[in-house]
Each structure stands twice: as structure tokens, then as C-alpha cells.
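Read the structure below first, then the notes.
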Amino acid sequence: GTEIVITGKMVAADAAVIVTLLFVSVSVAGITIMRKKPKEILSEMS
Numbered sequence: 019g020t021e022i023v024i025t026g027k028m029v030a031a032d033a034a035v036i037v038t039l040l041f042v043s044v045s046v047a048g049i050t051i052m053r054k055k056p057k058e059i060l061s062e063m064s
């Protein structure tokens, strides 16, 4: 049978991809929020 071995490198690579995706999504959200005026954000929140 075929054995699947999960190495530390694979785990690290997966973690790096996840962190990168999170960082990108947070950055995009942050830029979108920064482009809006504070008053617009407050009016949307309330």
C-alpha cells in the first residue's frame, strides 16, 4: 500500500500558505476600509 508521510516541511509549507492567504485578505479588507471616510464606516456600522 501507499503510505502518506506528513513531514515537518509539508506542515510548514501549508502553514505558510494559510498565513499568506490570511495576510492578503486582511490587507485587502484594510485597504478597502481605509479608502472609505470614517463617517461612511460609522453610518454603515450603526
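Each residue of the sequence shown is one higher than the one before, counting from 19 in this note's numbering. We treat Cβ as the ideally placed atom computed from N, Cα and C, and that holds for glycine.
- Pairing Lys55 with Leu40, the inter-Cα distance amounts to about 24 Å.
- The criterion of a C-beta distance shorter than 8 Å is not satisfied by Ile49 and Ile59.
- Within the model, the alpha-carbon separation for Met63 versus Glu21 is close to 52 Å.
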